[in-house]
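Under my numbering, read the sequence shown as residues 40 to 452, first letter to last. Note that the Cβ used here is the ideal one computed from N, Cα and C, for glycine as well.
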Amino acid sequence: MAQTTTLVIGAGVVGVAIAHALQARGRKVTLIDRDTPGRGASFGNLASIAVTEFMPASRPAIWRQIPGWMLDPEGPVRVRPAYMPRLVPWFLRFLAASRPTRLRALEAAGAALCARVYDDLLPLLAETGLQDMLSDEGCLSLYTDEAELKADRDHIAILERFGFPHEVIGRQAIRALEPALSGKIGLAIRFPQNRTVQDPYRLVLRLTERFCGLGGVVAQGEVVGFDRSDRIGGVRLRDGRNLTADEVVICAGAFSGRLSALLGEPIPLETERGYHTQIMAPGLRLRHSIIWPARAFMVSPTAGGIRVGGTVEMAGLDAPPDWRRAKVTVRRAREALPDLQVQQTTEWMGHRPALPDTIPILSASARTAGVFYATGHGHLGLTYAATTARLMADLITGQRPPIDLAPYRINRF
Ligand SMILES: Cc1cc2nc3c(=O)[nH]c(=O)nc-3n(C[C@H](O)[C@H](O)[C@H](O)COP(=O)(O)OP(=O)(O)OC[C@H]3O[C@@H](n4cnc5c(N)ncnc54)[C@H](O)[C@@H]3O)c2cc1C
Numbered sequence: 040m041a042q043t044t045t046l047v048i049g050a051g052v053v054g055v056a057i058a059h060a061l062q063a064r065g066r067k068v069t070l071i072d073r074d075t076p077g078r079g080a081s082f083g084n085l086a087s088i089a090v091t092e093f094m095p096a097s098r099p100a101i102w103r104q105i106p107g108w109m110l111d112p113e114g115p116v117r118v119r120p121a122y123m124p125r126l127v128p129w130f131l132r133f134l135a136a137s138r139p140t141r142l143r144a145l146e147a148a149g150a151a152l153c154a155r156v157y158d159d160l161l162p163l164l165a166e167t168g169l170q171d172m173l174s175d176e177g178c179l180s181l182y183t184d185e186a187e188l189k190a191d192r193d194h195i196a197i198l199e200r201f202g203f204p205h206e207v208i209g210r211q212a213i214r215a216l217e218p219a220l221s222g223k224i225g226l227a228i229r230f231p232q233n234r235t236v237q238d239p240y241r242l243v244l245r246l247t248e249r250f251c252g253l254g255g256v257v258a259q260g261e262v263v264g265f266d267r268s269d270r271i272g273g274v275r276l277r278d279g280r281n282l283t284a285d286e287v288v289i290c291a292g293a294f295s296g297r298l299s300a301l302l303g304e305p306i307p308l309e310t311e312r313g314y315h316t317q318i319m320a321p322g323l324r325l326r327h328s329i330i331w332p333a334r335a336f337m338v339s340p341t342a343g344g345i346r347v348g349g350t351v352e353m354a355g356l357d358a359p360p361d362w363r364r365a366k367v368t369v370r371r372a373r374e375a376l377p378d379l380q381v382q383q384t385t386e387w388m389g390h391r392p393a394l395p396d397t398i399p400i401l402s403a404s405a406r407t408a409g410v411f412y413a414t415g416h417g418h419l420g421l422t423y424a425a426t427t428a429r430l431m432a433d434l435i436t437g438q439r440p441p442i443d444l445a446p447y448r449i450n451r452f
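And the structure:
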């Protein structure tokens, strides 16, 4: 019998992990990207395996703060005024995802993925010789005082409900773990499982190398159309080439919605744009990543310094970056890390693929046989990549996945 050929569209961390997993299941896989692998959101994320951050953004504790954030040009969420009308349908779905019963279901769906992240990630790193990429330490969530900690209580309550380990620590223990932190920080929660990948871009490159070493093909080209009759037959590229395939997996990050629309299957995918500043020679060392929820930034120790980022900007796929967003997070990070040196920096902007109900689409197409989707991973694409690959490989090869995939189906909206 001829080997099944699979085309994976998008060589971000999600696509590369899926290509690798399908290859291991005997598929003949081509990975196609309009750019070189790993240059999308997977290039510059905050490197965190953020297993305690799965909760839906549409919960009331968050959306009640949105009007205030909107009025603050330096707030954690910024919507560019010109983009507001385009965002209305997405925002209505976001509100619909805040019904109490729906929220409970979304929390459970996020937790089910996070609970198995290391079951999938550790074997993938071991198999590819990348175990050393993962830090031993977790993440510290920072609070100046009890009042700030209390404001984060709905997050903690959800973690407790699903049994994710965490411990509250006081000033002395914080100083002992991270001497560079300001004396302003009076309390922290330690999340031991939120470990950090040294270099998310290198992770994609190494997985791609491994995939190619085992006979996988990486092609460069922009997919602009599909060939299909009763099922998928292949894709059309901007340069006029056609590639044939028995199966197509769409994992083009925030751009997946443009491809699904070409297949007559619209999905409410937006982009939550995010920025990072990579600081070389920061003049201090961090063992943990840190988040300060009240100031809405994150700092991660990465290869070649530390990386500062966070916040959300809703401005679509085509608007130019607003680098002020990156500078705000650095200013806030200096509040937590008073000795931080910021002479040598680079700034970056990336597109998180964001669905209004926070959980990704991991699904067969509801319209075209042979088409599959793995997209909408939002703030957790790095975290979910290995698990997504495992689940998609099961789905595509007709094996029973270890968790129920119904919550992640494409036609749930
Ligand atoms: C500032 C920031 C911080 C983040 N921090 C974290 C974190 O700490 N932990 C975490 O888990 N996640 C984090 N994320 C989210 C994470 O980076 C994303 O969820 C993840 O990278 C998405 O991966 P992807 O493979 O789906 O998309 P991408 O990495 O964007 O890859 C999509 C690929 O598809 C290609 N493509 C698009 N259209 C086409 C086409 N028509 N034809 C061919 N190719 C196409 C693109 O060129 C791109 O290479 C962060 C994101 C940002 C922006």
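* **Beta-carbon contacts of P440 that lie in its chain and below 7 Å, excluding the five residues immediately before and after** => Your numbering for residue 440 matches position 401 in the sequence shown. Same-chain partners within the cutoff: L430, D433, L434.
* Any non-hydrogen atom of ligand 1 within 8 Å of E187 CB -> Residue 187 sits at position 148 when you count from the first residue of the sequence shown. No - ligand 1 has no heavy atom lying nearer than 8 Å to the Cβ of E187.
* To do: Might you give, ordered along the chain, the residues of its own chain that have their beta carbon closer than 6 Å to the beta carbon of R371, omitting 5 neighbours on each side?
  => Indexing the sequence shown from 1 puts residue 371 at position 332. Excluding residues within five positions, the ones whose Cβ falls inside 6 Å are R334, F336.
* Distance, Cα to Cα, A394 vs A284? -> Numbered from its first residue, the sequence shown carries residue 394 at position 355. Numbered from its first residue, the sequence shown carries residue 284 at position 245. Residue 394 is actually Leu in this sequence, not Ala. Their Cα atoms are separated by approximately 28 Å.
* Going by the CB atoms, is the gap between I330 and E217 shorter than 9 Å? -> Looking up residue 217 in the sequence shown gives position 178. Looking up residue 330 in the sequence shown gives position 291. Result no, Cβ atoms of E217 and I330 do not sit closer than 9 Å.
* F93 - DSSP class collapsed to helix/strand/coil -> The residue given as residue 93 occupies position 54 in the sequence shown. Three-state DSSP puts F93 in coil, outside helix and strand.
* Would you say F82 touches ligand 1, meaning its beta carbon is less than 8 Å from a heavy atom? -> Looking up residue 82 in the sequence shown gives position 43. Yes.
* Asked: Where in the region 129-209 do unbroken runs of the beta strand (DSSP E), each at least 3 residues long, occur, reported from the N-terminal end onward?
  -> Listed in chain order, they are 178-182, 206-209.
* **For A413 and V53, believed in contact at Cβ under 8 Å, the rounded distance** => Looking up residue 53 in the sequence shown gives position 14. Looking up residue 413 in the sequence shown gives position 374. Right, their Cβ atoms sit about 6 Å apart.
* Please report how far the alpha carbon of M101 lies from the alpha carbon of L220, in whole angstroms. => Working through the sequence shown from its first residue, we reach residue 101 at position 62. Working through the sequence shown from its first residue, we reach residue 220 at position 181. For the sequence presented, residue 101 should be read as Ile rather than Met. Distance between the alpha carbons of I101 and L220: 27 Å.
* For ligand 1, is there a heavy atom less than 8 Å away from the beta-carbon of A300? -> Against the sequence shown, residue 300 aligns to sequence position 261. Not under cutoff, so the answer is no.
* Asked: Should D74 be listed as close to ligand 1, given that the test is whether its C-beta is under 8 Å from any heavy atom?
  -> Against the sequence shown, residue 74 aligns to sequence position 35. True, at least one ligand heavy atom lies under 8 Å from that Cβ.
* To do: Keeping to the same chain, check which residues put their C-beta closer than 7 Å to that of L323; ignore five residues upstream and five downstream.
  => One-based indexing of the sequence shown puts residue 323 at position 284. Around L323: A219, L376, D378, L379.
* Which residues in the same chain as G303 place their Cβ atom closer than 7 Å to its Cβ, once the five residues preceding and following it in sequence are excluded? -> Here residue 303 refers to the residue found at position 264 of the sequence shown. So the qualifying residues of the chain are R406.
* Mind checking whether the beta-carbon of F294 lies closer than 8 Å to any heavy atom of ligand 1? -> Counted from its first residue, the sequence shown places residue 294 at position 255. Indeed, a heavy atom of ligand 1 lies less than 8 Å from the Cβ.
* To do: Can you check the region 234-277 for any beta strand (DSSP E) of at least 3 residues that lies completely inside it and give the ranges in chain order?
  => 256-259, 262-267, 271-276
* **Top-ranked residue by Cα proximity to H50, from E374, P321, F250, T310** => Taking the sequence shown and counting its residues from 1, the one referred to as residue 50 is at position 11. Per the sequence presented here, residue 50 reads as Ala, with His not at that position. Nearest of E374, P321, F250, T310 to A50, Cα basis: F250.
* Sorted by chain position, which residues of the same chain lie with C-beta nearer than 7 Å to G83's C-beta, five sequence neighbours on each side aside? -> As a working note, residue 83 is residue 44 in the sequence shown. For G83, where only same-chain residues beyond five positions count, the Cβ hits under 7 Å are H315, W387, G389.
* **Buried or exposed (CB count within 10 angstroms, at least 16 for buried), N233** => Counting from one through the sequence shown, the residue named residue 233 turns up at place 194. Per the 10 Å Cβ criterion, buried.
* Looking at P392 and ligand 1, is the gap between the Cβ and the nearest heavy atom below 8 Å? -> Sequence index remark: in the sequence shown, residue 392 carries index 353 (1-based). For ligand 1, at least one heavy atom lies less than 8 Å from the Cβ of P392.
* **Per DSSP, cross-strand counterpart(s) of I289** => Looking up residue 289 in the sequence shown gives position 250. I48, Y412.
* Asked: Beta carbon of A56, beta carbon of L246: below 9 Å?
  -> Residue numbering aside, residue 56 sits at position 17 when the sequence shown is read from its first letter. Residue numbering aside, residue 246 sits at position 207 when the sequence shown is read from its first letter. In this structure, L246 lies closer than 9 Å to A56 by Cβ.
* In the structure shown, what three-state DSSP assignment does S404 receive? -> Looking up residue 404 in the sequence shown gives position 365. The answer is coil: DSSP assigns S404 none of H, G, I, E or B.
* Asked: Run through DSSP, which three-state label would W362 get?
  -> One-based indexing of the sequence shown puts residue 362 at position 323. Coil.
* **Inter-stretch contact (C-beta, 8 Å, three-pair minimum) for the region 408-426 and the region 146-156** => yes
* To do: Just tell me which of V236, L242, V207 has its CA closest to the CA of R229.
  => Within the sequence shown, the letter at position 190 stands for residue 229. Checked all of V236, L242, V207; the closest Cα to R229 is V207.
* Nonlocal neighbours in the same chain, by C-beta distance under 6 Å from I48, ignoring five residues either side -> As a working note, residue 48 is residue 9 in the sequence shown. Here the set comprises I71, V262, I289, A291.
* Would you grab the beta carbon distance between L126 and V118 for me? Rounded to a whole angstrom, and I think it's under 8 Å. => The residue you call residue 126 lines up with position 87 of the sequence shown. The residue you call residue 118 lines up with position 79 of the sequence shown. L126 to V118, Cβ: 6 Å. Contact.
* Asked: If we ignore side chains and look at the alpha-carbon of each, how far apart do K223 and L160 end up?
  -> One-based indexing of the sequence shown puts residue 223 at position 184. One-based indexing of the sequence shown puts residue 160 at position 121. Each residue's alpha carbon lies about 36 Å from the other.
* To do: Quick one: grab the DSSP three-state call for T75.
  => Sequence index remark: in the sequence shown, residue 75 carries index 36 (1-based). In the three-state reduction of the DSSP assignment, T75 falls in the coil class, being assigned neither a helical nor a strand state.
* **Proximity below 9 Å, CB of E176 to CB of T140** => Working through the sequence shown from its first residue, we reach residue 176 at position 137. Working through the sequence shown from its first residue, we reach residue 140 at position 101. No; because the gap between Cβ atoms is not below 9 Å, this pair is not in contact.
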